[in-house]
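In this text, residue positions in the sequence shown follow my numbering: the first is 1, and each later residue adds one.
Glycine is no exception: its CB is placed at the ideal position from the N, C-alpha and C atoms.
Here the structure is laid out as structure tokens; the discussion comes afterwards.
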Amino acid sequence: MKQTECTTILVGKKATIDGSTMIARSEDGGRVIIPEGFKVVNPEEQPKHYTSAISKQKIDDTDLAETPLRYTSAPDVSGENGIWGAAGINSENIAMTATETITTNSRIQGVDPLLDPAEGGLGEEDFVTLTLPYIHSAFDGVKRVGYLVEKYGTYEMNGMAFSDKDTIWYLETIGGHHWIARRIPDDAYVIAPNRLNIDEFDFDDTDNFAAASDLKDLISEYHLNPDREGYNMRHIFGSSTIKDAHYNNPRAGTFTTTSIQTSAALPLIKINHSFATQIV
Numbered sequence: 001m002k003q004t005e006c007t008t009i010l011v012g013k014k015a016t017i018d019g020s021t022m023i024a025r026s027e028d029g030g031r032v033i034i035p036e037g038f039k040v041v042n043p044e045e046q047p048k049h050y051t052s053a054i055s056k057q058k059i060d061d062t063d064l065a066e067t068p069l070r071y072t073s074a075p076d077v078s079g080e081n082g083i084w085g086a087a088g089i090n091s092e093n094i095a096m097t098a099t100e101t102i103t104t105n106s107r108i109q110g111v112d113p114l115l116d117p118a119e120g121g122l123g124e125e126d127f128v129t130l131t132l133p134y135i136h137s138a139f140d141g142v143k144r145v146g147y148l149v150e151k152y153g154t155y156e157m158n159g160m161a162f163s164d165k166d167t168i169w170y171l172e173t174i175g176g177h178h179w180i181a182r183r184i185p186d187d188a189y190v191i192a193p194n195r196l197n198i199d200e201f202d203f204d205d206t207d208n209f210a211a212a213s214d215l216k217d218l219i220s221e222y223h224l225n226p227d228r229e230g231y232n233m234r235h236i237f238g239s240s241t242i243k244d245a246h247y248n249n250p251r252a253g254t255f256t257t258t259s260i261q262t263s264a265a266l267p268l269i270k271i272n273h274s275f276a277t278q279i280v
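What follows is the structure in structure tokens.
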């Protein structure tokens, strides 16, 4: 794997030997090595007041009022551009990785554009610190990040994952104030590169899918869906570029015990029931 490639790997509990859930992500930094530390953040050390370093976005104190949990973090050592917590596990054994930089398209940017960081919004530097100490399940992580994105907005496209002992959820931000998420099946694993990865989506299946409350209406109002039936979020909100073809798509594949397949059209979740496998 090239040093510039950021790739997320998610493994359901029935796809692991010991029955544990796994989330992991390689972190790119271009051609520059960015030293990272390891820190245990105790509840009394969690900020009671928070302002983003890059965007200067101030978080309302009421959003930090809940008693925080103890958690680990892997922040940038320098701290020059904010915390950049990257990944961690809290004292209730809830894990989070953030973020995977993903892609967008001009259609959603025309409707709900990314914020200008000079004017506010949240980004990769903020999400672990503002989320992990306040969640008690993987789905709590989805709800917390969804709330933050809808309230404060974001200036970049990001994917992030959450796990507890039983479940894994993967979330992707959409435009400046929207998001989607889906539960990873227990007998599946996912390889997610730097593109918008969630494809087939069922708004009615709330056990396995979640989204910003107005997203379905937004798609309808602005005629964003290019397909006649169903909702393929990669078609609606994602990209299909030359860079995807040579940089992202080769890292998204279907893995079995006998073969490896890669394609831009592969679904996020595809299960081989003879052996717990999975793709993006």
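DSSP-derived helix/strand/coil call for GLY32:
Reading the sequence as shown, one finds Val at residue 32 and not Gly. VAL32: coil per DSSP, three-state reduction.
Same chain, Cβ closer than 6 Å to VAL40, neighbours up to 5 away in sequence not counted
THR72
Please classify TYR222 as buried or exposed, where buried requires at least 16 other C-beta atoms within 10 Å of its C-beta.
exposed
At the level of alpha carbons, what is the spacing between GLY85 and ALA161?
14 Å
Where PHE201 sits in the DSSP three-state scheme
coil
Check LEU115 in the structure and name its three-state DSSP category.
coil
Can you give me the start and stop residues for the alpha helix (DSSP H) that ILE219 sits inside?
215-221
VAL128, buried or exposed, once every other Cβ within 10 Å from all chains shown has been counted against 16:
buried
Could you give the DSSP three-state label for MET157: helix, strand or coil?
coil
Looking at the structure shown, is SER284 part of a helix, part of a strand, or coil, going by DSSP?
The structure shown does not extend to residue 284, since the chain spans only 1 to 280, so no value can be given for it.
Proximity to LEU215 [Cα-Cα], best of HIS177, ILE242 and ASN208:
Checked all of HIS177, ILE242 and ASN208; the closest Cα to LEU215 is HIS177.
Report the residue ranges of all beta strand (DSSP E) runs contained in full by the stretch 88-146; include only those spanning at least 3 residues, in chain order.
95-101
Please name the residue, chosen from GLU229, LEU114, THR99 and ALA98, that lies closest to ASN105 on a Cα-to-Cα basis.
LEU114
How is the beta strand (DSSP E) around ARG234 delimited, first residue to last?
ARG234 -> not in any beta strand (DSSP E); alpha helix (DSSP H) instead, spanning 233-237.
Where SER26 falls, given that 16 or more other Cβ within 10 Å makes a residue buried:
exposed
Taking ASP244 as the reference, give the member of ASP18, SER137 and ARG195 with the closest Cα.
ARG195
Alpha carbon to alpha carbon, what distance is there between THR101 and ALA24?
14 Å
Can you tell me which of SER55, VAL11 and GLU44 puts its alpha carbon nearest to the alpha carbon of ILE155?
Ile is not the amino acid found at residue 155; the sequence shown has Tyr there. That would be SER55, whose Cα lies nearest to the Cα of TYR155.
Using 8 Å for Cβ pairs, my map puts ASN90 next to LEU69. What's the rounded Cβ distance?
Taking C-beta atoms under 8 Å as the contact rule, ASN90 and LEU69 qualify, at a distance of about 4 Å.
Indicate, with yes or no, if the ligand FAD has a heavy atom lying under 8 Å from the CB of VAL128.
Absence of the ligand FAD is noted for the structure shown, with no ligands found whatsoever.
Pick out whichever of GLY153, ALA188 and ILE168 has its Cα sitting closest to the Cα of ILE174.
GLY153
Residue range of the unbroken beta strand (DSSP E) whose run includes ILE191
189-192
Rounded to whole angstroms, what's the CA-CA distance from HIS136 to ASP60? Just pull it up for me.
21 Å
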